[in-house]
Amino acid sequence: MSFLDICLYISLPLIILPVLISLFRLIVGPDIADRIVALDTMTSIGIAFMAAFGVFMRKTMALDVALILSLISFLGTVSFAYYLERRNLQ
Amino acid sequence: MNLVLEIIAGILIVAGSIFIFLTAVGLVKMPDLYTRVSVTTKASTLGVGLVIVGTAVFFHDLAVYARSILIVIFVFMTSPVSSHMIGRAGYLDGASLWEKTKANHLEGQYDLKNKSLKNYYDKKED
Amino acid sequence: MNRLMVNIMFAFIWMFLQGNLHLFAFFEGFFLGFLFLFITRKSTEPTPYFTRFFKVIWFIFYFIKEIIVSNLKVAYDVATPGYFMKPAILAIPLDCKTDLEITLFANMITMTPGTWSIDVSDDRKTLYIHAMYVDDVDTFIKDLKNGLERKLLEVMR
């Protein structure tokens with residue numbers, strides 16, 4: 141077991157646990173905006189997780205998933221926020 | 187050489203994951219929407235940035251460098267825009283401020299009927 | 004801007020002549036091309052490219068330092084129990100004029116943790132931001148204008 145494997149065994153739980161923690165904010169969050177913030181955080185955690193997982197499996201393919209996720213997450217967040225803003229202006 | 191790169195990559199990935207973990211803790215701990223948005227930019231700047239740089243250092247390959255530079259550029263370009271949009275939508279939705287907030291210069295500046303925003307410093311000169 | 008294109012072209016030519024598509028060869032070529040352009044410049048008229056190049060590099064390092072410092076500040080507040088923060092919504096008078104400058108300034112404010120921009124007023128003279136660590140309103144605004152905005156405008160103009 142090399143030094144890098146030890147680092148990954150520390151960091152992969154540290155990256156996955158935040159998904160559960162922000163799931164708490166997604167369920168409890170008093171407003172819709174709080175829930176969108178939690179979703180946004182979860183997708184950026186997903187980007188970091190795919191990169192770290194690629195190092196763990198020694199496969200560069202996981203970086204493609206991270207690239208696509210970084211494009212998609214922006215669209216999702218912006219459309220939610222746009223919906224929220226339009227709903228109030230009308 | 188390979189061992190040195192592995193050690194650097196490991197340290198970078200662990201540092202990034204610590205920042206991501208602290209972001210999630212802050213998301214639960216912070217009292218109102220505005221401070222939560224402030225905290226979440228931490229995950230997308232240093233957290234994702236450090237992990238991606240660590241990945242690039244580990245693979246040490248041109249294709250991976252290109253993809254990781256693209257990911258970092260996308261994240262750094264899009265995450266400020268999305269958090270700004272969530273925050274403004276939340277403000278217009280009437281999210282409450284923390285009671286210890288010191289000043290609110292934005293209060294009463296929005297005109298929702300005409301969809302306009304006044305300049306704060308106009309009022310002072312009158 | 005023209006010289007930047009020439010410089011990047013030099014870097015690519017150097018990279019292809021080396022025969023290996025490696026990032027190090029690109030930077031090597033960029034540095035050599037920069038040196039070449041610097042030697043062959045006209046000495047009679049001032050060329051802004053060279054001073055501006057170093058200004059951009061300096062600004063990038065300054066911005067990364069700013070991100071790390073404010074990250075550690077927010078991380079310290081999150082990791083320890085209780086709150087140290089004094090949040091406020093502030094109006095900042097803008098010196099930036101064009102849309103590109105305002106967009107860059109607002110995005111940079113949002114990218115440093117602890118502060119994020121909410122909206123720009125309709126006449127584009129005021130930026131509303133939310134900041135987490137405001138000891139005094141006037142000094143905070145003055146620090147932000149003298150720090151990030153002045154350095155950004157030095158690079159842009």
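Protein chains in written order, with the working numbering: chain A, 141 to 230; chain B, 187 to 312; chain C, 4 to 160.
All C-beta atoms in this analysis are idealised placements derived from N, C-alpha and C, irrespective of residue type, glycine included.
Owing to the predicted nature of the structure, the values given are computational and were not obtained by experimental measurement.
Item                                                                                                                                                           : Value
Let's see if you can read the secondary structure: which residues bound the beta strand (DSSP E) around Val123/C?                                              : Thr118 to Val123
Specify the secondary structure class of Leu292/B as computed by DSSP and reduced to three states.                                                             : coil
Against chain C, with Cβ distances strictly below 8 Å, would Ser254/B count as a contact?                                                                      : no
For Val211/B and Ile199/B, what's the separation of their Cα atoms in angstroms?                                                                               : 19 Å
Below 8 Å on the Cβ atoms is my guess for Met18/C versus Gly32/C; work out the distance and round it to an integer in Å.                                       : 5 Å
Out of Ala178/A, Tyr222/A and Leu224/A, state which residue places its alpha-carbon closest to the alpha-carbon of Ile167/A.                                   : Ala178/A
Within 8 Å of any Cβ in chain A, is that where the Cβ of Glu192/B sits?                                                                                        : yes
By how many angstroms is the C-alpha of Ile206/B removed from the C-alpha of Leu232/B?                                                                         : 8 Å
Considering only C-alpha positions, which residue in the set Leu7/C, Gly85/C and Ile121/C is nearest to Phe56/C?                                               : Leu7/C
Under a three-way DSSP split, which group does Ala281/B fall into?                                                                                             : coil
Chain B partners of Gly150/C, CB-CB under 7 Å?                                                                                                                 : Correct list: empty, because the minimum Cβ distance to chain B is about 18 Å.
What residues from the segment 15-26 of chain C come within 8 Å of chain B, judged by C-beta to C-beta, listed N to C?                                         : Leu24, His25 and Leu26
Closer than 7 Å by C-beta to Ile187/A: which residues in its own chain qualify, once you throw out the five before and the five after it? Chain order, please. : Ala206, Leu209 and Ser210
Does DSSP put Ser46/C in a helix, a strand or coil?                                                                                                            : coil
Mapping DSSP to helix, strand and coil, what is Thr221/B?                                                                                                      : helix
Here's the rule I'm using: 16 or more other beta-carbon atoms within 10 Å means buried, otherwise exposed. How should Lys45/C be labelled?                     : exposed
Taking Pro51/C as part of the alpha helix (DSSP H), name the residues at either end of that continuous run.                                                    : Pro51 to Ala82
Hey, is Asp102/C's beta-carbon within less than 8 Å of any beta-carbon in chain B?                                                                             : no
Would you tell me roughly how many angstroms separate the C-alpha atoms of Val59/C and Tyr251/B, rounded to the nearest one?                                   : 22 Å
On the DSSP bridge assignment, give the partners of Ala91/C in chain order.                                                                                    : Ala134/C
Quick one: Cα of Leu152/A to Cα of Ser203/B, how far?                                                                                                          : 8 Å
I'd like the span of the alpha helix (DSSP H) that includes Ser210/A, first residue to last.                                                                   : Met201 to Leu229
What residues in the segment 208-241 of chain B have a beta carbon less than 7 Å from any beta carbon of chain C?                                              : Leu208, Val211, Gly212, Lys215, Tyr220, Thr221, Val223, Ser224, Val225, Thr227, Lys228, Thr231 and Leu232
Which residues in the same chain have their Cβ closer than 6 Å to the Cβ of Ala195/B, if we skip the five residues on either side of it in sequence?           : Gly240, Val243 and Phe244
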